[in-house]
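Working notes for the structure below.
Numbering (this note's numbering), first residue to last: 66 to 467.
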């Protein structure tokens with residue numbers, strides 16, 4: 066090869082290398098355009114650490130701080146009434162928050178309106194369902210763990226306990242009655258207690274369930290009273306979708322000849338009801354917090370930074386990504402082998418081997434008797450959103466009580 070040709074080839078290669086280096090530098094700079102060394106994170110809570118629901122969020126915020134250390138500054142606002150949400154959002158915006166998390170559905174509409182006026186701040190609303198409603202905002206997001214999975218596993222534990230009591234002759238099959246203290250007849254609540262009950266029926270096919278609504282998220286007195294009425298009516302297992310420890314206290318204080326065991330939500334209730342607390346499940350908000358804040362630190366889109374099921378600006382996940390979790394079953398109350406059975410079920414759920422909303426059941430929308438669903442065809446929960454959508458009450462086996 067001639068010297069001229071060699072020089073031409075060398076010059077061409079050098080030019081390509083220069084272009085590559087320039088392009089690489091450009092990509093690095095452009096991708097880091099909005100990256101930050103430190104972010105200020107705001108949290109707005111409807112309660113404080115005295116309520117299990119809010120305590121669960123506060124615990125996740127501590128995990129966020131542990132993950133990022135000095136890279137994050139955290140500001141927490143407690144006991145914020147929904148009518149004061151805009152005022153609190155303004156306060157956090159004035160404190161230069163880069164991202165703000167809210168913890169209740171009641172904040173959703175006002176938070177989205179506020180987000181539209183503050184495009185430089187990211188807003189993430191737990192349990193809300195309006196991120197993909199028009200207008201869709203790049204800086205407004207919703208998220209929730211697929212809690213029906215954990216409710217179902219809780220139900221397996223409860224059903225196993227009932228089955229063991231029947232086997233030992235403590236109760237007869239027709240006395241396998243479950244009680245549920247529920248906040249409101251919303252899809253989130255109905256989906257939760259249905260998944261729980263389907264878990265119960267998996268282990269105790271003769272079980273029936275009574276549901277009492279208290280029409281509030283957080284009232285120790287009303288929740289305890291409702292649980293006590295269910296116990297008086299013969300319920301052997303009490304569970305709940307409310308935010309206080311009232312139902313657990315009712316079980317622990319019950320002096321009935323037959324114990325009423327408790328299945329909890331949001332926290333381990335074994336200290337509250339040491340002789341009656343069978344198991345609890347909870348949502349773990351930390352994986353979302355950590356990923357969302359990581360996205361803001363890196364100047365990236367939040368949904369692209371998540372290991373989750375993405376629905377537009379909305380995200381959900383279950384046991385597979387650690388968004389829902391269980392406390393260990395109480396070994397002094399659970400039948401032998403119960404914990405392993407639950408662990409196996411969680412493993413199967415992660416692999417998609419269990420189909421919860423499926424079986425020989427008919428169900429009816431409590432607000433519209435013409436709207437029915439036959440569970441012989443599986444209902445896919447959280448298929449299109451993080452907010453639960455199953456809103457049908459199982460006919461004949463679940464009774465709603467006033």
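Beta carbons: idealized from backbone N, C-alpha and C, even for Gly.
Residue 154 - containing beta strand (DSSP E), residue span: Reading the chain shown from its first residue, position 89 is the one you call residue 154. Note, residue 154: premise wrong, no beta strand (DSSP E); alpha helix (DSSP H) at 150-159.
Backbone CA spacing between residue 152 and residue 207 [nearest angstrom]: For the purposes of this step, residue 152 is taken as the residue at position 87 of the chain shown. For the purposes of this step, residue 207 is taken as the residue at position 142 of the chain shown. Cα to Cα, residue 152 sits roughly 21 Å from residue 207.
Ordered along the chain, which non-local residues of its own chain (more than five positions away) have a Cβ less than 6 Å from that of residue 462? Looking up residue 462 in the chain shown gives position 397. Taken in chain order, the residues that qualify are 273.
Below 8 Å, how does it come out for the stretch 381-400 and the stretch 151-171: are there three or more Cβ pairs, yes or no? Flag = no, the stretch 381-400 and the stretch 151-171 do not touch.
Quick one, which of 187, 172, 200 and 181 has its alpha-carbon nearest residue 193's? The residue given as residue 193 occupies position 128 in the chain shown. Nearest C-alpha to residue 193: 172.
In this structure, what does DSSP give as the bridge partners for residue 348? Translated into positions along the chain shown, residue 348 becomes position 283. In DSSP, residue 348 forms a bridge with 389.
To which residues does DSSP link residue 438 through a beta bridge? Walking along the chain shown from the start, residue 438 turns up at place 373. Residue pairing from DSSP places residue 438 in a beta bridge opposite 428.
Starting from the C-beta of residue 142, find all residues in its chain whose C-beta is less than 8 Å away, skip the five residues before and the five after it, and write them out in chain order. One-based indexing of the chain shown puts residue 142 at position 77. A distance below 8 Å between beta-carbons, with the five flanking residues on each side excluded, links residue 142 to the following residues of its chain, in chain order: 107, 108, 109, 110, 153, 156 and 157.
Could you name the residues that DSSP lists as bridge partners for residue 362? Walking along the chain shown from the start, residue 362 turns up at place 297. BP columns for residue 362 are empty, so no partner.
Give the DSSP-derived three-state secondary structure of residue 278 in the structure shown. As a first step, residue 278 is located in the chain shown; it is residue number 213 there, counting from the start. In the three-state reduction of the DSSP assignment, residue 278 falls in the strand class.
Under the three-state reduction of DSSP, which class applies to residue 334: helix, strand or coil? In the chain shown, the residue the question calls residue 334 occupies position 269. The three-state reading of DSSP puts residue 334 in coil, since its state is none of H, G, I, E or B.
Consider the C-beta atom of residue 153 and the heavy atoms of the ligand NAD; say whether any pair is separated by less than 6 Å. Looking at this structure, you won't find the ligand NAD or any other ligand, since it has none at all.
DSSP state of residue 262, grouped into three classes? On the chain shown, position 197 is the one that residue 262 refers to. The DSSP-derived three-state label of residue 262 is helix.
Please list, in chain order, all residues of the same chain as residue 352 whose beta carbon is under 7 Å from its beta carbon, the five residues on each side excluded. Here residue 352 corresponds to residue number 287 of the chain shown, with the count starting at 1. 386, 387 and 388.
Tell me the DSSP secondary structure of residue 121 in three-state form. The residue labelled residue 121 in the question sits at position 56 within the chain shown. Under the three-state reduction of DSSP, residue 121 is assigned to helix.
Taking only three categories from DSSP, how would you classify residue 304? Here residue 304 is taken as the residue at index 239 of the chain shown, counted from 1. Shown here, residue 304 sits in a strand according to DSSP, grouped into three states.
Going by DSSP in three states, residue 88 sits in which element: helix, strand or coil? As a first step, residue 88 must be located in the chain shown, where it is residue number 23. In this prediction, residue 88 has a pLDDT of 43, which is less than 50 and means its spatial position is unreliable; what the coordinates show is noted afterwards. In this structure, DSSP gives residue 88 a helical state, which the three-state scheme calls helix.
Where residue 459 falls: helix, strand or coil (DSSP): Residue numbering aside, residue 459 sits at position 394 when the chain shown is read from its first letter. Taken through DSSP and simplified to helix, strand or coil, residue 459 comes out as strand.
Where does residue 202 fall in DSSP's three states? As a working note, residue 202 is residue 137 in the chain shown. Residue 202 falls in the coil class under three-state DSSP.
Nonlocal neighbours in the same chain, by C-beta distance under 7 Å from residue 281, ignoring five residues either side: Within the chain shown, residue 281 is the residue found at index 216, counting from 1. For residue 281, same chain residues with a beta-carbon under 7 Å away, outside a window of 5 residues either side, are 248 and 287 in chain order.
Using the rule of at least 16 other Cβ atoms within 10 Å of the residue's Cβ for burial, across every protein chain shown, is residue 447 buried or exposed? Residue numbering aside, residue 447 sits at position 382 when the chain shown is read from its first letter. Burial is judged here by how many other beta carbons sit within 10 angstroms of a residue's own beta carbon; residue 447 has at least 16 and is buried.
Rounded straight-line distance, which links the Cα of residue 250 to that of residue 368: Numbered from 1 along the chain shown, position 303 holds the residue referred to as residue 368. Numbered from 1 along the chain shown, position 185 holds the residue referred to as residue 250. Looking at the two C-alpha atoms, the distance is approximately 30 Å.
Rounded to whole angstroms, what is the Cα-Cα separation between residue 323 and residue 358? Counted from its first residue, the chain shown places residue 323 at position 258. Counted from its first residue, the chain shown places residue 358 at position 293. Each residue's alpha carbon lies about 49 Å from the other.
Let me confirm a value: residue 306 is counted as buried when at least 16 other C-beta atoms fall within 10 Å, else exposed. Which label applies? On the chain shown, position 241 is the one that residue 306 refers to. Looking at its Cβ environment, which holds 16 or more other Cβ atoms inside 10 Å, residue 306 is buried.
With a threshold of 7 Å on Cβ separation, who are the neighbours of residue 410 within its own chain once the five nearest residues in sequence on each side are excluded? Taking the first residue of the chain shown as 1, we reach residue 410 at position 345. Answer for residue 410: 218, 221 and 419, listed in chain order.
Give the C-beta separation of residue 345 and residue 211 to the nearest angstrom, bearing in mind that I take them to be a contact with Cβ-Cβ under 8 Å. Here residue 345 is taken as the residue at index 280 of the chain shown, counted from 1. Here residue 211 is taken as the residue at index 146 of the chain shown, counted from 1. In fact, because the Cβ distance is near 17 Å, the residues do not count as touching under 8 Å.
Residue 216: buried (16+ other C-beta within 10 angstroms of its C-beta) or exposed? Position 151 of the chain shown, counted from the start, is the residue given in the question as residue 216. Residue 216 should be labelled buried.
Determine the direct distance from the alpha carbon of residue 240 to that of residue 328, and round the result to whole angstroms. Counting from one through the chain shown, the residue named residue 328 turns up at place 263. Counting from one through the chain shown, the residue named residue 240 turns up at place 175. The alpha-carbon of residue 328 is positioned some 18 Å away from that of residue 240.
Judging by CA-CA distance, which residue of 260, 398 and 104 is the nearest neighbour of residue 414? The residue labelled residue 414 in the question sits at position 349 within the chain shown. Taking residue 414 as reference, the option from 260, 398 and 104 with the minimal CA-CA separation is 260.
So residue 244 is in the alpha helix (DSSP H); what residue range does that whole segment cover? Indexing the chain shown from 1 puts residue 244 at position 179. Here residue 244 belongs to no alpha helix (DSSP H); instead the beta strand (DSSP E) covers 242-247.
Would the stretch 449-465 and the stretch 425-434 be scored as touching if the rule is three or more Cβ pairs under 8 Å? The stretch 449-465, when compared against the stretch 425-434, does touch it at the 8 Å Cβ threshold.
So what does DSSP say about residue 269, is it helix, strand or coil? Against the chain shown, residue 269 aligns to sequence position 204. Secondary structure of residue 269 (DSSP, three-state): coil.
Going straight from the alpha carbon of residue 99 to that of residue 364, what length do you get? Numbered from 1 along the chain shown, position 34 holds the residue referred to as residue 99. Numbered from 1 along the chain shown, position 299 holds the residue referred to as residue 364. Going from the Cα of residue 99 to the Cα of residue 364 covers about 4 Å.
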